[in-house]
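The numbering used here applies: residue 21 is where the sequence shown begins, and numbers increase by one.
For every residue, glycine included, the Cβ atom is placed at its ideal position computed from N, Cα and C.
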Amino acid sequence: MPRIGVYLAHPQPGSFNHALFDTVVHHLRDLGCEVLAHDLCAEQFSPALTADETETVRSATGTHDAQLALHQAEVATLDAMVFVHPNWWGMPPAVLAGWVQRVLAPGVAYKLGTAQGEPEALLKAGRALVLNTSDTPADREEVEFGDPLQSIWAACVLPYAGVVDVRRIVFRTVTDSSDETRAAWLHQAREHAAALLD
Numbered sequence: 021m022p023r024i025g026v027y028l029a030h031p032q033p034g035s036f037n038h039a040l041f042d043t044v045v046h047h048l049r050d051l052g053c054e055v056l057a058h059d060l061c062a063e064q065f066s067p068a069l070t071a072d073e074t075e076t077v078r079s080a081t082g083t084h085d086a087q088l089a090l091h092q093a094e095v096a097t098l099d100a101m102v103f104v105h106p107n108w109w110g111m112p113p114a115v116l117a118g119w120v121q122r123v124l125a126p127g128v129a130y131k132l133g134t135a136q137g138e139p140e141a142l143l144k145a146g147r148a149l150v151l152n153t154s155d156t157p158a159d160r161e162e163v164e165f166g167d168p169l170q171s172i173w174a175a176c177v178l179p180y181a182g183v184v185d186v187r188r189i190v191f192r193t194v195t196d197s198s199d200e201t202r203a204a205w206l207h208q209a210r211e212h213a214a215a216l217l218d
């Protein structure tokens, strides 16, 4: 049974991001997956990397934060990951950026100090799906900004930890979208989530 972590980063209950999250979680469970679902804002996951945690990374003694320890233990066991979040200033929301910095830490997601001098990826999750919402039209995103979220997930973060198959879907523009359009987007989200199992 595939084990998939699904992570939501949006503070407003009832948002379209929540609808995407719920749709993906339920669909993957219906397909027989073991889904570890985390609404990071509802769980009040703290995004702040502490001085103690940086000392812990250097000394390899582990964390004393029970919530962080749970996320780190879980992410090491996943077969795939799904991230659901809006595009805010070309970045994930702070809670998810902090999750990356705190959870995908040395000793958990990668190892430093190898004989080759290159980081060694540690995660077994080979695939990830990133579902983004945006109010920026695609042509403006690419021409003016260069699609920074694509670089963040597909170049800077996930491959470093061993996730080499990074799929990203953007639903836009959300603010002026109709109910029919949103229903079609939810159908697309189900299809892309199911494709993680192929």
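{"Item": "Candidates E63, P113, L178: which alpha carbon is nearest A141's?", "Value": "L178"}
{"Item": "Got a sec? Which residues, its chain only, sit under 6 Å from S79 by beta carbon, not counting five neighbours each side?", "Value": "Any reading at S79 must be qualified, since the residue scores a pLDDT of 43, below 50, and its modelled position is unreliable; the value itself is stated next. Nothing listed; no residue qualifies."}
{"Item": "Just how far apart, CA to CA, sit A181 and A204?", "Value": "32 Å"}
{"Item": "Beta-carbon separation of L216 and A100 under 7 Å?", "Value": "yes"}
{"Item": "From V104 to Y130, what does the alpha carbon distance come to, in whole angstroms?", "Value": "23 Å"}
{"Item": "Around the Cβ of W119, are there at least 16 other Cβ atoms within 10 angstroms (buried) or fewer (exposed)?", "Value": "buried"}
{"Item": "Output needed for V115: all residues of its chain with C-beta closer than 7 Å, excluding positions within five of it in sequence on either side, in chain order.", "Value": "A29, L60, C61, F65, P67"}
{"Item": "Return the first residue and the last residue of the beta strand (DSSP E) that T97 is part of.", "Value": "No beta strand (DSSP E) contains T97, which DSSP labels as neither H nor E."}
{"Item": "Taking DSSP as the reference, what is the three-state secondary structure of P179?", "Value": "helix"}
{"Item": "Would you tell me roughly how many angstroms separate the C-alpha atoms of G52 and A93, rounded to the nearest one?", "Value": "22 Å"}
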